[in-house]
C-alpha cells in the first residue's frame, strides 16, 4: 500500500529543492489544474477521465538508451502510455529511431535539456540553449516540438520559468522516485515506487539504468491491480492544457 509518510517526504524534498534554487513561483498540482480548467478547455483525455478515475503518470528521464526499446515493448504489451523526458546530446541524436518509435506509439515526448546541466547554475543564454537544442533535435525527428520539460534535479527558478514560457514549455516535477540511479535492485526500485504511489501522482524513473526496465512490469501490474489507470502527463491534467512556464507538481 502507498505510504503517506514517504509521499510527504518526497513532497518536502521537492519543495526544499525549489526553495534552494530560488524559485518564488507557486507550483500547480494536476488536480488543481483540472479543477481550474475553463469550460471550453481543449485538453485531450486518455484512457480515463482523471476527474473521476484513479490516475497516475509514468515518466522516464534521461533517455533514450539501449534498454528503451525493451521498455517500449513492455509498455506496448501492457497497453500503457508514458511520458519520456529525453536528453539531447548522446541520446536523442544517438537513437533517432527510438525517439520516432516513442512518438509513433503514442507516448508523450518531452524535453530534459541537451546535456543535463543544472539550469539554475547557468546564465540565461545557456539555459535557453540547453532547452532549445533539444526542442529542435526532437522536432527534426518527430516533426513536433515538445510542450513539456523536466529541469535536471528538479531545480528551477524564475529565470528558468521565464525562458520555458518563451519556448512554450511547461515544467513537470514528480511525486514518486525510486532513486534508481543509486541501485540496480529491481525489486527495491519497484517497492520504492509502490510505497510512494498515490492518486494524481507522477512517477519518476530512468530508462538508462540497469535495474529500472525490469522493475516496470511489476510496477504496472501492482498499480493496475490497485485500481490505477496509467496516463501521460497531459492526460493527467485534462481537460486542462499545461501552460508554458508553469511548474506542475503533485
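Numbering (my numbering), first residue to last: 238 to 487.
Quick reminder that beta carbons are idealized off the backbone N, C-alpha and C, glycines included.
Three-state secondary structure (DSSP) of residue 455: Working through the chain shown from its first residue, we reach residue 455 at position 218. Three-state DSSP puts residue 455 in a helix.
Less than 8 Å between the C-beta atoms of residue 301 and residue 468, yes or no? For the purposes of this step, residue 301 is taken as the residue at position 64 of the chain shown. For the purposes of this step, residue 468 is taken as the residue at position 231 of the chain shown. Annotated as distal: residue 301 and residue 468, with beta-carbon spacing of 8 Å or more.
Who are residue 287's beta bridge partners in DSSP? What you label residue 287 is simply residue 50 of the chain shown in a count that begins at 1. Residue 287 is not bridged to any residue.
For residue 286, I'd like the list of residues in its chain whose CB is within less than 6 Å of its CB, leaving aside the five on either flank, ordered along the chain. Sequence index remark: in the chain shown, residue 286 carries index 49 (1-based). If we look at residue 286 and ignore the five residues flanking it on each side, it has no Cβ neighbours.
Considering only C-alpha positions, which residue in the set 387, 378, 376 is nearest to residue 364? Here residue 364 is taken as the residue at index 127 of the chain shown, counted from 1. The candidate whose alpha carbon is nearest that of residue 364 is 387.
Is residue 468 helix, strand or coil when you go by DSSP? The count along the chain shown starts at 1 and reaches residue 468 at position 231. Residue state, collapsed to three classes: strand.
Using the rule of at least 16 other Cβ atoms within 10 Å of the residue's Cβ for burial, across every protein chain shown, is residue 361 buried or exposed? Along the chain shown, one-based indexing puts residue 361 at 124. Exposed, because fewer than 16 other Cβ atoms sit within 10 Å of the Cβ of residue 361.
Distance between beta carbons of residue 457 and residue 431, contact taken as under 8 Å: Residue numbering aside, residue 431 sits at position 194 when the chain shown is read from its first letter. Residue numbering aside, residue 457 sits at position 220 when the chain shown is read from its first letter. Rounded, the Cβ-Cβ distance is 11 Å, inconsistent with contact.
In the DSSP assignment, the alpha helix (DSSP H) including residue 339 goes from what residue to what residue? Start at 1 with the first residue of the chain shown, and residue 339 comes out as number 102. Per DSSP, residue 339 belongs to the alpha helix (DSSP H) from 333–341.
In three-state DSSP terms, what is residue 325? Stepping through the chain shown from its first residue, residue 325 is reached at position 88. Helix.
Residue 276 versus residue 422: straight-line alpha-carbon distance, rounded: Stepping through the chain shown from its first residue, residue 276 is reached at position 39. Stepping through the chain shown from its first residue, residue 422 is reached at position 185. So the alpha carbons of these two residues sit roughly 46 Å apart.
Going by the beta-carbon positions, is the gap between residue 345 and residue 450 smaller than 8 Å? On the chain shown, residue 345 is found 108 positions in, with the first residue counted as 1. On the chain shown, residue 450 is found 213 positions in, with the first residue counted as 1. Going by C-beta atoms, residue 345 is not nearer than 8 Å to residue 450.
From the DSSP output, read off the bridge partner residues of residue 282. Within the chain shown, the letter at position 45 stands for residue 282. As DSSP reads the structure, residue 282 sits in no beta bridge.
Can you find the residues in the same chain that come closer than 8 Å, C-beta to C-beta, to residue 313, ignoring five residues on each side of it along the sequence? On the chain shown, position 76 is the one that residue 313 refers to. Within the same chain, residue 313 has close Cβ partners 342.
Only counting the same chain, and skipping five residues up and downstream in sequence, which positions put a Cβ closer than 7 Å to that of residue 447? As a position in the chain shown, residue 447 is number 210, starting the count at 1. For residue 447, where only same-chain residues beyond five positions count, the Cβ hits under 7 Å are 421.
Taking the beta strand (DSSP E) that residue 296 belongs to, which residues open and close that run? Counting from one through the chain shown, the residue named residue 296 turns up at place 59. Residue 296 -> beta strand (DSSP E) spans 292–300.
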